[in-house]
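K.L.:
Just dropping this structure here.
2 protein chains.
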Amino acid sequence: MKIELASNYGFCFGVKRAIDIAQKYENSATMGPLIHNQDEINRLKNDFNVGLYSNLSDVKPNDTVIIRTHGIPKNDLKELKKSAKKVINATCPFVTTPQNIVKNMSKEGYSILIFGDLEHPEVKGVMSYAADLEDVHVVLSVKDLEKIIFKNKKIACVAQTTKKKECYLEIINALILKNKEVRVFNTICDATFENQDAAREISKKADVMIVIGGKSSSNTKQLHSICLENCKDSHLIENETELENSWFKNKEFCGITAGASTPDWVIQKVIDKIESFK
Amino acid sequence: MKIELASNYGFCFGVKRAIDIAQKYENSATMGPLIHNQDEINRLKNDFNVGLYSNLSDVKPNDTVIIRTHGIPKNDLKELKKSAKKVINATCPFVTTPQNIVKNMSKEGYSILIFGDLEHPEVKGVMSYAADLEDVHVVLSVKDLEKIIFKNKKIACVAQTTKKKECYLEIINALILKNKEVRVFNTICDATFENQDAAREISKKADVMIVIGGKSSSNTKQLHSICLENCKDSHLIENETELENSWFKNKEFCGITAGASTPDWVIQKVIDKIESFK
Numbered sequence: 108m109k110i111e112l113a114s115n116y117g118f119c120f121g122v123k124r125a126i127d128i129a130q131k132y133e134n135s136a137t138m139g140p141l142i143h144n145q146d147e148i149n150r151l152k153n154d155f156n157v158g159l160y161s162n163l164s165d166v167k168p169n170d171t172v173i174i175r176t177h178g179i180p181k182n183d184l185k186e187l188k189k190s191a192k193k194v195i196n197a198t199c200p201f202v203t204t205p206q207n208i209v210k211n212m213s214k215e216g217y218s219i220l221i222f223g224d225l226e227h228p229e230v231k232g233v234m235s236y237a238a239d240l241e242d243v244h245v246v247l248s249v250k251d252l253e254k255i256i257f258k259n260k261k262i263a264c265v266a267q268t269t270k271k272k273e274c275y276l277e278i279i280n281a282l283i284l285k286n287k288e289v290r291v292f293n294t295i296c297d298a299t300f301e302n303q304d305a306a307r308e309i310s311k312k313a314d315v316m317i318v319i320g321g322k323s324s325s326n327t328k329q330l331h332s333i334c335l336e337n338c339k340d341s342h343l344i345e346n347e348t349e350l351e352n353s354w355f356k357n358k359e360f361c362g363i364t365a366g367a368s369t370p371d372w373v374i375q376k377v378i379d380k381i382e383s384f385k
Numbered sequence: 108m109k110i111e112l113a114s115n116y117g118f119c120f121g122v123k124r125a126i127d128i129a130q131k132y133e134n135s136a137t138m139g140p141l142i143h144n145q146d147e148i149n150r151l152k153n154d155f156n157v158g159l160y161s162n163l164s165d166v167k168p169n170d171t172v173i174i175r176t177h178g179i180p181k182n183d184l185k186e187l188k189k190s191a192k193k194v195i196n197a198t199c200p201f202v203t204t205p206q207n208i209v210k211n212m213s214k215e216g217y218s219i220l221i222f223g224d225l226e227h228p229e230v231k232g233v234m235s236y237a238a239d240l241e242d243v244h245v246v247l248s249v250k251d252l253e254k255i256i257f258k259n260k261k262i263a264c265v266a267q268t269t270k271k272k273e274c275y276l277e278i279i280n281a282l283i284l285k286n287k288e289v290r291v292f293n294t295i296c297d298a299t300f301e302n303q304d305a306a307r308e309i310s311k312k313a314d315v316m317i318v319i320g321g322k323s324s325s326n327t328k329q330l331h332s333i334c335l336e337n338c339k340d341s342h343l344i345e346n347e348t349e350l351e352n353s354w355f356k357n358k359e360f361c362g363i364t365a366g367a368s369t370p371d372w373v374i375q376k377v378i379d380k381i382e383s384f385k
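As they're listed, the protein sequences go chains A and B. The first sequence runs 108 to 385 under my numbering. The second sequence runs 108 to 385 under my numbering.
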């Protein structure tokens, strides 16, 4: 039986990069959870003694502190630089981009519109970079635009990296109809959609599919549902202990994909176990 | 019987302004027809001796030359300034705006996209202001985008003033999905749509509607059709000689609108004739 990974799966570029950075800084601490995966945070603690701070007040003068993938607000970064010995920025470059756009456009006299969740740490970080905090507006839909009064006639727009493009366009269109200049930055990251496209593709060739990820994870369940459309023997598992020998009997092609919060080492353990069944 | 004009009708702001300018410069000549209405051009010739040139080579050293509402290409303007004694710019300010945007954005390193007709004089003028004439692209639909290779990653967009907003948005949306920054300038003028909205409104109140304009004019016919939806006694006429006394028998409210190429003096003659029926 052939075993093949989807062309895109699991961690995105930004998460992989943050973990690489954390592994380089043993005995450091992250400001907030580095990524949304407890097993991986435990591994970094056990193997590299990378700790976890919840508050700025936890930081001690000799600390090396790592900023997580979502980024943090500008003033928190300033505070952190004062209180820690060393600050390592593991903010995803795709998140640093909208932070810089908001900073520059705001300075150039644009009102700022962010398409995203006001409560999401990424959005909190991005909006903090506006020169005028009263002229940065966060919306989730066209309806939200109704309440907004922009201070300027020129509007610069960015989107939370994980949002849907179609919804962003709807908001942009409504803005263009009512404003003289709308400067649109496409800051949406394709990673989630690339994982889905790749799962769709490989599941068409596979006669058994293994989807690895949290059973309550929304993006993992979405991958599983896509695979089931093309391959009825698609199994969702959290780790290798759930694998059953019988799934692979008389199968020729086993496809593998993983949710956005699944570390590569969990995936490797699954592959090793399947190999052992042969 | 009450007689009332629609809240918007006839000439747009830019055309009215150009005629006011032409009337101030007796014995001048326009470079190309000032507006698309032969009666009005004849009137300017008869009453103000405003002539009409078709080619730059027609211009004589002592001439005062008026630039028409659609504007002219940058190099033609340069030539004109060399060959005429005085150049008066009657380009509509709503057309000057995209000319300046193209000039500035092109200088700032943006590729330029124009939504419009490549053969339209306004578009020819606007595109001539690009610093790099090989990186200014004119499209009419999303399909036209396929052949385009932009030199830059940042794209600035303007639209011909008389185009439909919905089509502009379709093109913008396709661009946003494929480019990091799209700077959208809403240069579409509302005049045509304002005339239509106003005709719709007044025809709901009227028991007789008079629509004045060319019988082959597309925008006049559109006004007539809108009026007919709300008032079955809607009549399309080119001038006052076509009015019939019987149309106004037992009527209480006469609404009037006019196509974009109908001068105010033609409208006034129509009103005077209706008044005389009372």
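Ideal placement from N, C-alpha and C gives every residue a C-beta, glycine not left out.
With a Cβ-Cβ cutoff of 8 Å, do I219 (chain B) and D251 (chain B) count as a contact?
P.N.:
Cβ distance not < 8 Å, so I219 (chain B) and D251 (chain B) don't count as in contact.
K.L.:
Considering only DSSP beta bridges, list what R290 (chain A) is partnered with.
P.N.:
Answer is A:A263 and B:R290, bridged to R290 (chain A).
K.L.:
Would you tell me roughly how many angstroms separate the C-alpha atoms of S213 (chain A) and S248 (chain A), rounded to the nearest one?
P.N.:
Looking at the two C-alpha atoms, the distance is approximately 22 Å.
K.L.:
Whether or not the segment 111 to 119 of chain A and the segment 302 to 314 of chain A are in contact is what I'm after, with contact meaning three or more pairs of Cβ atoms, one per stretch, closer than 8 Å; do they touch?
P.N.:
Cβ pair count under 8 Å is three or more, so yes.
K.L.:
Excluding the 5 residues flanking D183 (chain B) on each side, which residues of the same chain have their C-beta closer than 7 Å to its C-beta?
P.N.:
L163.
K.L.:
In terms of alpha-carbon separation, which member of A:F155, A:P200 and A:V209 lies closest to I174 (chain A)?
P.N.:
Answer by Cα proximity: A:P200.
K.L.:
Do T176 (chain A) and L225 (chain A) have their C-beta atoms within less than 8 Å of each other?
P.N.:
Against a cut-off of 8 Å, the Cβ pair of L225 (chain A) and T176 (chain A) comes out as no contact.
K.L.:
Using DSSP's beta-bridge definition, name the partner residues of G158 (chain B).
P.N.:
Paired residue(s): B:A136.
K.L.:
Compare the C-beta of F201 (chain A) against all C-beta atoms of chain B and say whether one is closer than 8 Å.
P.N.:
No, because no Cβ of chain B sits closer than 8 Å to the Cβ of F201 (chain A).
K.L.:
Verify the CB distance criterion: does R290 (chain A) have a CB-CB separation below 8 Å to chain B?
P.N.:
Yes - at least one Cβ of chain B is within 8 Å of the one on R290 (chain A).
K.L.:
Examine the Cβ distances between the segment 288 to 308 of chain A and the segment 331 to 340 of chain A and report whether three or more of them are shorter than 8 Å.
P.N.:
The segment 288 to 308 of chain A is in contact with the segment 331 to 340 of chain A.
K.L.:
Please compile the residues from chain E whose C-beta is within a distance smaller than 9 Å of the C-beta of L276 (chain B).
P.N.:
Protein chains in the displayed structure are A and B, and chain E is not among them.
K.L.:
Could you tell me the boundaries of the beta strand (DSSP E) in which V245 (chain A) lies?
P.N.:
Element bounds for V245 (chain A): V243 to V246.
K.L.:
List, in order along the chain, the chain A residues whose C-beta lies closer than 8 Å to that of N293 (chain B)?
P.N.:
Going along chain A in sequence order, the residues near N293 (chain B) (Cβ under 8 Å) are I283, L284, N286, K287, E288 and V289.
K.L.:
Determine the DSSP secondary structure at H331 (chain A), reduced to helix, strand or coil.
P.N.:
Helix.
K.L.:
Please list, in chain order, the chain A residues whose beta carbon lies closer than 7 Å to that of K272 (chain B).
P.N.:
Chain A residues near K272 (chain B): L284.
K.L.:
Report yes if the CB atom of E359 (chain B) is closer than 8 Å to the CB atom of D297 (chain B), and no otherwise.
P.N.:
In this structure, D297 (chain B) does not lie closer than 8 Å to E359 (chain B) by Cβ.
K.L.:
Rounded to whole angstroms, what is the Cα-Cα separation between C264 (chain A) and G121 (chain A)?
P.N.:
So the alpha carbons of these two residues sit roughly 22 Å apart.
K.L.:
Report the residue ranges of all alpha helix (DSSP H) runs contained in full by the segment 150 to 219 of chain A; include only those spanning at least 4 residues, in chain order.
P.N.:
Segments of the alpha helix (DSSP H) lying fully in the segment 150 to 219 of chain A: 181 to 190 and 200 to 214.
K.L.:
In its own chain, which residues sit with a C-beta less than 6 Å from the C-beta of G320 (chain B), not counting the 5 before and 5 after it?
P.N.:
These residues qualify, in order along the chain: T327, A365, G366 and T369.
K.L.:
Judging by CA-CA distance, which residue of A:E288, A:F292, A:A125 and A:C119 is the nearest neighbour of R292 (chain B)?
P.N.:
With the sequence shown as reference, residue 292 (chain B) is identified as Phe, and Arg is not the correct amino acid for it. Measuring from the Cα of F292 (chain B), the nearest candidate turns out to be A:E288.
K.L.:
Within 10 angstroms of its Cβ, does K254 (chain B) collect 16 or more other Cβ (buried), or is it exposed?
P.N.:
With fewer than 16 other Cβ atoms within 10 Å, it is exposed.
K.L.:
Going by DSSP, what residues sit across from M108 (chain B) in a beta bridge?
P.N.:
M108 (chain B) pairs with nothing; no bridge assigned.
K.L.:
Taking just the CA atoms, how far does K272 (chain A) sit from I381 (chain A)?
P.N.:
About 37 Å.
K.L.:
In whole angstroms, what is the alpha-carbon distance linking S323 (chain A) and C274 (chain A)?
P.N.:
One C-alpha to the other measures close to 25 Å.
K.L.:
Leaving out five residues on either side along the sequence, give the residues of the same chain with a beta carbon under 7 Å from the beta carbon of H227 (chain B).
P.N.:
Q267, listed in sequence order.
K.L.:
Report all residues from its chain with a CB closer than 6 Å to the CB of N211 (chain B); omit the five preceding and five following residues, and keep chain order.
P.N.:
Here the set comprises nothing.
K.L.:
Using C-beta distances below 8 Å, list every residue in its chain close to A237 (chain A), excluding the 5 sequence neighbours before and after it, in chain order.
P.N.:
Excluding sequence neighbours, A237 (chain A) sits near V209, K210, S213, I219 and V243.
K.L.:
Hey, out of A:S341, A:K261 and A:F118, whose CA is closest to C361 (chain A)'s CA?
P.N.:
Of the candidates A:S341, A:K261 and A:F118, the one whose C-alpha sits nearest the C-alpha of C361 (chain A) is A:S341.
K.L.:
Can you name, in chain order, every residue of its own chain whose Cβ lies under 7 Å from the Cβ of F384 (chain A), other than the five neighbours on each side?
P.N.:
Contacts found: N352 and F355.
K.L.:
Go ahead and label P205 (chain A) buried or exposed: buried means 16 or more other beta carbons lie within 10 angstroms of its beta carbon, across all protein chains shown.
P.N.:
Under this definition P205 (chain A) is a buried residue.
K.L.:
Taking the CB atoms as reference points, tell me whether L151 (chain B) and V172 (chain B) lie closer together than 8 Å.
P.N.:
Not closer than 8 Å, so no.
K.L.:
Determine whether the beta carbon atoms of P180 (chain A) and G223 (chain A) lie at a separation below 8 Å.
P.N.:
No.
K.L.:
Going by C-alpha to C-alpha distance, which of A:K285, A:L276, A:D154 and A:N286 sits closest to K285 (chain B)?
P.N.:
It is A:L276.
K.L.:
Three-state secondary structure (DSSP) at G121 (chain A)?
P.N.:
Helix at G121 (chain A).
K.L.:
In terms of DSSP beta bridges, what is I319 (chain B) paired with?
P.N.:
In DSSP, I319 (chain B) forms a bridge with B:I344 and B:A365.
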